[in-house]
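The sequence shown begins at 1 in full-length UniProt numbering and counts up one residue at a time. A short write-up of the structure that comes next.
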Amino acid sequence: MKTFCGRANPTTGAMEWLEEDEDYDYHQEIARSRYADMLHDKDRNTKYYQGIRAAVSRVKERGEKAIVLDIGTGTGLLSMMAASAGADFCYAIEVFRPMANAAVKIVEENGFCDKIKVINKHSTEVTVGPGGDMQCRANILVTELFDTELIGEGALPTYEHAHKYLVEEGCEAVPHRARVYVQLVESRRMWSWKKLFPVHVKAEDGEKIIVSPSEMENCPGVPSVCDIQLNQMPPSDFTVLSDVVTMFSVDFSKPVRSASTHYRVELEPVKSGKAQVVLSWWDIDMDPSGMINCTMAPYWVKPTSASQWRDHWMQCVYFLPREEPVLQGEKVSLTACRDAYSVWYKLQKARGKEENKADVHVESPVCRCQAHLLWNRPRLGELNDQNRTHQYIKALMTVLHTDSICLCISDGSLLPVLARYLGAKQFFKANHLEDKIKIIEARPELLTPSQLEDKKISVLLGEPFFTTSLLPWHNLYFWYARTAVATHLASNVTVLPQAASLHMMIVEFQDLWRIRSPCGTCEDFDVRIMDDMINNSLNFRESKEAEPHPLWEYPCKSLSDPQEVLTFDFRKTVPQQCLGTEGSVSLLRKGKSHGAVLWMEYHLTAGISVSTGLMDISNEKGNCEWNPHCKQAVYFFSSVIDSETLSDLPSAVTYAINFDPKTGEIAMDFKL
């Protein structure tokens, strides 16, 4: 059975109706899942297995049958661990039907059919008693319901319900407890993801400064946590202002409350500075004694232990509502408020105990200025990148004249303000910003001469940046918009950027390869059915597509030189025919060819370009430095060749890359 799905094409801007298989959403969910990442997390799996063995032993030592409830079973791995550890019976709950079906097959393949019952329901719908889903309440509760923020996937309400209706009082729980840690830091880099810094523009009549309006300056921002691979943040990018302290903990073996609450700790700053950011992570004890511990602590907290790479659990960056000055040794009070799914913070001067009891309500941050809804955090970082802005200023100074009539097509761009300060006579803007600049709320193809006051555009500008873009080439929407407004352009129009190019490089990832790598066995359990399921969903479509990743968080080394593969001339309209290229790229370094990385470079004017991808190859080993504000496109190869085993380097990877102007899509194929 087929179904029609509507979608806005991010590259062409057109509304499209596509005929999709009825299982398309399910295949996307599986193909883009993090199941492989979790199964490759050796530290997580080993600690869970140790905790489960210990819990089953404690129950058996009391002379009781070990009845396990596993909520969010996924592949059934934790239930199989319990059955293997001697549990008498396991109820494995999985709400996602395709995953529950896979769990049934995996349990059967591993010979645990008589010990494990997979229940395809949400845990709140499970019934207990004769004729119910569970014959009796469980005395061991096993779950893996956590995200980077610990509670963002609904762990608290799930535990709350389970303790009320599904498990015995005083049950064993794996994990037994969780602790959330915080540390106060000052970081211009991270603060640039929350706030727009002043922009300095050197014009002919002196320096001008673009400042954000007061409602933006005072806006607390958006409530969602910023989760990143904090281990990739160099120590030079932040200053520690406090020791690490425990903010709160949750005991999963006792009834859990999901109702909104708050926690408060006193911090004594170890250094004076501007408190801007709360860094946070958690750990879990798999047993009551805390001997079996799994931690998300970043490198500077536990520098002696080799940290386990994982992408399903990272670290949290929380932005304080405003920058707060702190003095070394002068205590401050940090309040964490949470609801059932999220956490937020407020910093105040330390006060007396009676004062501390009052004024505990801290509102969840809500953006009031709209800017944080338009600009996500990487975009704010990009707008605050002074080197990048300087490139645009240099380019604008070469194309603007006092009589220039400009049109800017980009989302939430500062280009109109820069151009106005640099001397443009009049400015029309096709999107948003500034009351001194005429804002035209119309799609490019619907633009009329009267909206432009019957003037022809002499300079067409774009960064380009559009909020709907996911992959680097989606910003080619600028080319389609340029084509749509062609009749409004002067015959000698200047287009900035004048062109774009698509670049590619073959890489070996340090860790990111794990999210697409088959697992085979996990803790000696056969999970190849899961591998096949993911592979089938990838082959449904996604295996021939690239996916976006912020590669500054995921180290890799180049195995080839970067190569320009396609160019797009914005001085001309979008062509009717496809643009395509075929060729090969030589592998110059030994290593595993995990995939190709692709990115765009925009050629603003002759000799001035900005890259959305590779910034530098830092050493002879091929370590890469990536643009930290953009996601790059990663095309994972279906098979990996380890050139360590090849004696005839350089070998080569052949490629075919095609851009279809009708769909705006780029199709690619690689052969090793």
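Beta carbons are placed, not taken as given, at the ideal position from N, Cα and C, and that holds for glycine. Since we're looking at a predicted model, the values are computed, not measured.
Residue 252 and residue 177 closer than 8 Å at C-beta: Numbered from 1 along the sequence shown, position 252 holds the residue referred to as residue 252. Numbered from 1 along the sequence shown, position 177 holds the residue referred to as residue 177. Result yes, Cβ atoms of residue 252 and residue 177 sit closer than 8 Å.
Do you know offhand how far residue 283's Cα is from residue 227's? In the sequence shown, the residue the question calls residue 283 occupies position 283. In the sequence shown, the residue the question calls residue 227 occupies position 227. Distance between the alpha carbons of residue 283 and residue 227 is about 16 Å.
DSSP beta-bridge partners of residue 667: For this step, residue 667 is matched to residue 667 along the sequence shown. According to DSSP, which records beta bridges pairwise, residue 667 is partnered with 658.
Nonlocal neighbours in the same chain, by C-beta distance under 7 Å from residue 156, ignoring five residues either side: Taking the sequence shown and counting its residues from 1, one reaches residue 156 at position 156. Here residue 156 has 256, 258, 340 as same chain residues with Cβ atoms under 7 Å from its own Cβ, once five neighbours each way along the sequence are excluded.
DSSP three-state call for residue 503: helix, strand or coil? Position 503 of the sequence shown, counted from the first residue, corresponds to residue 503. Of the three classes helix, strand and coil, the one that applies to residue 503 here is strand, per DSSP.
Ranges of the beta strand (DSSP E) found wholly within the stretch 60–115, counting only runs of at least 3: Listed in chain order, the complete beta strand (DSSP E) runs (minimum 3 residues) inside the stretch 60–115 are 67–71, 89–93.
Quick check: the stretch 96–103 against the stretch 134–148, are there 3 or more CB pairs under 8 Å? no
Check each candidate in 329, 423, 68 and name the one with the smallest Cα separation from residue 681. The structure shown does not extend to residue 681, since the chain is modelled only from 1 to 672, so the question has no answer here.
DSSP state of residue 322, grouped into three classes? Working through the sequence shown from its first residue, we reach residue 322 at position 322. In the structure shown, residue 322 sits in a strand (DSSP, three-state: E or B).
Since residue 406 and residue 419 should fall inside the 8 Å C-beta cutoff, what is the C-beta to C-beta distance between them, to a whole number of angstroms? Within the sequence shown, numbered from 1, the residue matching residue 406 stands at position 406. Within the sequence shown, numbered from 1, the residue matching residue 419 stands at position 419. Here residue 406 really is in contact with residue 419; their C-beta atoms are around 5 Å apart, less than 8 Å.
Go ahead and label residue 446 buried or exposed: buried means 16 or more other beta carbons lie within 10 angstroms of its beta carbon, across all protein chains shown. Counting from one through the sequence shown, the residue named residue 446 turns up at place 446. With fewer than 16 Cβ atoms within 10 Å of its Cβ, residue 446 is classed as exposed.
According to DSSP, is residue 632 part of a helix, a strand, or is it coil? Taking the first residue of the sequence shown as 1, we reach residue 632 at position 632. Residue 632: strand per DSSP, three-state reduction.
Mind checking which residues open and close the alpha helix (DSSP H) that includes residue 37? The sequence position of residue 37 within the sequence shown is 37, counting from 1. 35–39 is the extent of the alpha helix (DSSP H) around residue 37.
Excluding five sequence neighbours on each side, which residues of the same chain lie with their C-beta closer than 6 Å to the C-beta of residue 551? Taking the first residue of the sequence shown as 1, we reach residue 551 at position 551. Around residue 551: 626, 632.
Output needed for residue 137: all residues of its chain with C-beta closer than 7 Å, excluding positions within five of it in sequence on either side, in chain order. In the sequence shown, counting from the first residue as 1, residue 137 sits at position 137. Apart from sequence neighbours up to five positions away, the residues of its chain that approach residue 137 with a beta-carbon distance below 7 Å are 128, 166, 167, 168, ordered along the chain.
Please tell me whether, using a cut-off of 7 Å, the distance from the CB of residue 234 to the nearest non-hydrogen atom of the ligand FMN is below it. Looking at this structure, you won't find the ligand FMN or any other ligand, since it has none at all.
Compare the C-alpha of residue 153 against each of 466, 224, 198 and name the closest. Within the sequence shown, the letter at position 153 stands for residue 153. If we check each option's Cα against that of residue 153, 224 comes out closest.
Count the other CB atoms within 10 Å of the CB of residue 402; is the residue buried (16 or more) or exposed (fewer)? Sequence index remark: in the sequence shown, residue 402 carries index 402 (1-based). Exposed: under 16 other Cβ atoms inside 10 Å.
So residue 174 and residue 55 are in contact, right, with Cβ under 8 Å, and what is the actual spacing, rounded? As a working note, residue 174 is residue 174 in the sequence shown. As a working note, residue 55 is residue 55 in the sequence shown. That belief holds up - the Cβ atoms of residue 174 and residue 55 are roughly 5 Å apart, short of 8 Å.
Take residue 222 as the anchor and find which of 301, 280, 321 has the nearest alpha-carbon. Indexing the sequence shown from 1 puts residue 222 at position 222. Of 301, 280, 321, the residue nearest in Cα terms is 321.
When the Cβ atoms of the stretch 316–332 are set against those of the stretch 269–280, are three or more pairs found closer than 8 Å? yes
So with Cβ pairs under 8 Å, would you call residue 622 a contact of chain C? Looking for chain C here will not work: only one protein chain is present.
Is there contact here, the stretch 451–467 with the stretch 484–494, by at least three beta-carbon pairs under 8 Å? yes
Looking at C-alpha atoms only, which residue of 247, 281, 526 is the closest neighbour of residue 267? Working through the sequence shown from its first residue, we reach residue 267 at position 267. Per the Cα distances, 247.
Is the distance from the Cβ of residue 600 to the Cβ of residue 416 below 8 Å? The residue labelled residue 600 in the question sits at position 600 within the sequence shown. The residue labelled residue 416 in the question sits at position 416 within the sequence shown. For the pair residue 600 and residue 416, the CB atoms are not nearer than the 8 Å cut-off.
CB residue 158 to CB residue 67, shorter than 8 Å? By one-based count along the sequence shown, residue 158 stands at place 158. By one-based count along the sequence shown, residue 67 stands at place 67. Against a cut-off of 8 Å, the Cβ pair of residue 67 and residue 158 comes out as no contact.
Through-space distance from residue 312 to residue 642, alpha-carbon basis: For the purposes of this step, residue 642 is taken as residue 642 along the sequence shown, with counting starting at 1. For the purposes of this step, residue 312 is taken as residue 312 along the sequence shown, with counting starting at 1. So the alpha carbons of these two residues sit roughly 27 Å apart.
Would you call the CB atoms of residue 605 and residue 398 closer than 8 Å? On the sequence shown, position 605 is the one that residue 605 refers to. On the sequence shown, position 398 is the one that residue 398 refers to. Going by beta carbons, residue 605 and residue 398 fall inside the 8 Å limit.
CB contact flag (residue 578, residue 510, <8 Å): Here residue 578 is taken as the residue at index 578 of the sequence shown, counted from 1. Here residue 510 is taken as the residue at index 510 of the sequence shown, counted from 1. For residue 578 and residue 510, no; Cβs fall outside 8 Å.
Cα separation between residue 662 and residue 211? Walking along the sequence shown from the start, residue 662 turns up at place 662. Walking along the sequence shown from the start, residue 211 turns up at place 211. So the alpha carbons of these two residues sit roughly 41 Å apart.
Thinking C-beta only, is residue 531 closer than 8 Å to residue 745? Outside the modelled stretch of the chain, which goes from 1 to 672, sits residue 745, for which no answer is possible.
So, for residue 529: in the same chain, excluding its five sequence neighbours on each side, which residues have a beta-carbon less than 7 Å away from its beta-carbon? Here residue 529 refers to the residue found at position 529 when the sequence shown is read from its first residue. Within the same chain, residue 529 has close Cβ partners 102, 105, 106, 109.
Given that a residue counts as buried once 16 or more other Cβ atoms are within 10 Å of its Cβ, and exposed if not, what is residue 534? Within the sequence shown, numbered from 1, the residue matching residue 534 stands at position 534. Label assigned to residue 534: buried.
Leaving aside the five residues before and after residue 513 along the sequence, list all residues of the same chain whose C-beta is less than 6 Å from its C-beta, in chain order. On the sequence shown, residue 513 is found 513 positions in, with the first residue counted as 1. Closer than 6 Å at Cβ, skipping near neighbours: 594.
Does DSSP classify residue 263 as helix, strand or coil? Your numbering for residue 263 matches position 263 in the sequence shown. In the three-state reduction of the DSSP assignment, residue 263 falls in the strand class.
If you follow the alpha helix (DSSP H) that residue 387 is part of, which residue opens it and which one closes it? Here residue 387 corresponds to residue number 387 of the sequence shown, with the count starting at 1. Unbroken alpha helix (DSSP H) run through residue 387: 386–399.
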